[in-house]
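Undergrad: Numbering (this note's numbering), first residue to last: 38 to 683.
By construction, the Cβ of each residue, glycine as well, lies at the ideal position given by its N, Cα and C atoms.
Being a predicted model, the structure only gives us computed values, none of them experimental.
Quick one: the structure is below, and I'll ask about it shortly.
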């Protein structure tokens, strides 16, 4: 087990808030801000230079071969440790989309109705280990990239936005992903749900990055029943099985599509080999739809009506019903495992990918901020570990230690599977397995004592102020860092309020009280986890200087970001349109090394792409599919789908 020396996540000088440093005096704050101003200029130049580099150079100063890393992992897992794969536990990672801190029954404090919608999640959290200080990244893609790589968003290059449909960037191939390590240990690997790590070339698809089987969508968001994203008024369909469009799913709510796939996978599974299932549910992301009645109880339906009466919010009502459907699909998943006699040898992780979105009436109360902010409401979420594989002696407690989603890879692959940590290469995550399985009366080691939330430079992002939403440029640093009890937030321009406990649709942004501080914030999270008291002008200069120093260190050692504020590529749309409006890879292998060249050609020449093969007919798609659902025994079927021909 890793020792305390591994608490520091980046190789370099360890910092201790109790250790004196040379800088001090009343001028420290101004000197540090001046230093950041210089750093900002340098960062903008670095960002601009990176914009014109080929994609292969965007995300790492020391690129490495995925094949080499996988080979090293296989050697360590199969030979060095001599693992018998049939003796390993099954592992299920159940990732909930945009679930706010207040939208889980066991942590809800602003209302008494949320527990009615999460009874199964609450029960299995109570029978497991709750992570009371669990942190995600601030947005969907950064969190998923950190989970999959074990590297923080500054090192995997995915710290800005989401690679939505038609965007020409993805999680770099140089990073070995969790399912690749699992395969090295003898696992069969499955994915269900939301990918959102890039798909512009087929090399970036889930089935090319470690998953044996995939049913889900590639982009950031789709309609729940139609399974499409809308671009310039046109629908592009994004539901797939492996590397083929899943045409037969249209009109069935994706909760049910994924539920049926989980049932099929587990019922047909050969239990002589361990299974790794990454289940990234669509709920409770916004643009909600009414779920099928079979996923809801009468009590939940009646309670949702009371939620509407109380909040005058149709979106809040639908959020609760979608949350209940997430809970039911989780309950079904557990049932399938038990029916197959797999549950007692299964470890289950449940977590949210980021804070709730106020625009979609998610609640992070009493935390400040929301999704895509550096305040606790954006990054502090619920998570727990459960399942029959978890020792009974450790169940029914909370782990009150800092735990970041980047820690899952070493915790699962090294801690649970038993891989040699050296075989995993340099990671930012730490292995918490010993703390998770210790007895009730044991004292946890708490292996993590700092987190980098983000460093962003020169990017465009939405700004929400007093009910208005518009694009604006963040022309300086936006950064967040936690060291020990203290948290530094710099340049946060997106959210400076605490949302009301309840609100109507017209008051969602209007309830905001803007509290903008030009140069930043310092909070003592241990004493003020709701971030009501800004200590920037009160905290000891020594502490503040250490925070700035550590932020500078991360900045100096961050990889070039892969994200760019692109308009959707016309090449992508042309490719989709030539393939019956199905989302699919649209950069050919020969253009993969330098996709920017292809984009430049696109802008000055024509908008055509090379397509091999012919288009195919697809089922009729009405504008508004009925909220119909297949029978309980309808399993996902790909017989009418067709393969990409790129």
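#1: Alpha carbon to alpha carbon, what distance is there between residue 399 and residue 687?
#2: Within 10 angstroms of the Cβ of residue 627, are there 16 or more other Cβ atoms? Answer buried if so, exposed if not.
#3: Check the DSSP bridge columns for residue 253 and list the partner residues they point to.
#4: Please determine, among 227, 246, 355, 488, the residue with the shortest C-alpha to C-alpha distance to residue 313.
#5: What residues in its chain sit with their C-beta under 6 Å from that of residue 459, if we drop five residues either side in the sequence?
#6: Measure the C-alpha to C-alpha separation of residue 164 and residue 158 and round it to an integer number of angstroms.
#7: Below 8 Å on the Cβ atoms is my contact criterion, and I expect residue 187 with residue 446 to pass it. Report the Cβ-Cβ distance as a whole number of Å.
#8: Helix, strand or coil for residue 395, going by three-state DSSP, please let me know.
#9: Starting from residue 437, trace the beta strand (DSSP E) in both directions and tell me its first and last residue.
#10: Counting only beta-carbon separations shorter than 8 Å, does residue 372 have a partner in chain D?
#11: When you compare only the Cα positions, how much space is there between residue 320 and residue 247?
#12: Would the beta-carbon of residue 618 fall within 8 Å of that of residue 273?
#13: Hey, would you say residue 263 sits closer than 8 Å to residue 233, going by beta carbons?
#14: Are residue 208 and residue 240 close, meaning C-beta to C-beta below 8 Å?
#15: Could you give the uninterrupted runs of the alpha helix (DSSP H) lying entirely in the stretch 177-227, keeping only those of 4 residues or more?
#16: If you check the beta carbons only, do residue 344 and residue 266 fall under 8 Å apart?
#17: What are the boundary residues of the alpha helix (DSSP H) that includes residue 343?
#18: Using a threshold of 8 Å, state whether the C-beta atoms of residue 488 and residue 587 are closer than that.
#19: Can you tell me which of the three DSSP states residue 517 falls into?
#20: Could you tell me which residues DSSP pairs with residue 561 in its beta bridges?
#21: Between the C-alpha atoms of residue 288 and residue 236, what's the straight-line distance to the nearest angstrom?
#22: Would you kindly check if the distance between the Cβ of residue 383 and the Cβ of residue 424 is under 8 Å?
#23: With H, G and I counted as helix, E and B as strand and the rest as coil, what does DSSP make of residue 245?
#24: Grouping DSSP H, G and I as helix and E and B as strand, with all else coil, what is residue 467?
#25: In terms of residue numbering, what span does the alpha helix (DSSP H) encompassing residue 737 cover?
#26: What number of angstroms, rounded off, separates the C-alpha of residue 592 from the C-alpha of residue 560?
#27: For the candidate residues 134, 179, 380, 557, whose alpha-carbon lies nearest to that of residue 599?
#28: When burial is assigned at 16 or more other CB atoms within 10 Å of the CB, is residue 575 buried or exposed?
#29: Please return the same chain residues whose Cβ sits closer than 6 Å to the Cβ of residue 524, not counting the five positions on each side in sequence.
#30: With 16 as the cutoff for other CB atoms within 10 Å, does residue 25 come out buried or exposed?
#31: Can you round the beta-carbon distance between residue 685 and residue 156 to whole angstroms, since I take them to be within the 8 Å contact cut?
TA: Looking at the coordinates:
#1: Outside the displayed span of the chain (38 to 683) sits residue 687, for which this structure offers no information.
#2: exposed
#3: 230, 277
#4: Ranking the options by Cα distance to residue 313, first place goes to 227.
#5: none
#6: 10 Å
#7: About 3 Å; that satisfies the 8 Å criterion.
#8: helix
#9: 434-441
#10: Although the question refers to chain D, the structure presented lacks it and comprises just one protein chain.
#11: Put simply, the backbone Cα of residue 320 is about 24 Å away from that of residue 247.
#12: yes
#13: no
#14: Not in contact: residue 208 and residue 240 (Cβ atoms no closer than 8 Å).
#15: 177-186, 190-193, 215-221
#16: It is not a contact, given that the beta carbons lie outside the stated cut-off.
#17: 335-348
#18: no
#19: strand
#20: 523
#21: 24 Å
#22: yes
#23: Reduced to three states, the DSSP call for residue 245 is helix.
#24: coil
#25: Outside the displayed span of the chain (38 to 683) sits residue 737, for which this structure offers no information.
#26: 21 Å
#27: 179
#28: Looking at its Cβ environment, which holds fewer than 16 other Cβ atoms inside 10 Å, residue 575 is exposed.
#29: 560, 562
#30: The structure shown does not extend to residue 25, since the chain is modelled only from 38 through 683, so no value can be given for it.
#31: The question about residue 685 has no answer here: the residues shown for the chain are numbered 38 through 683.
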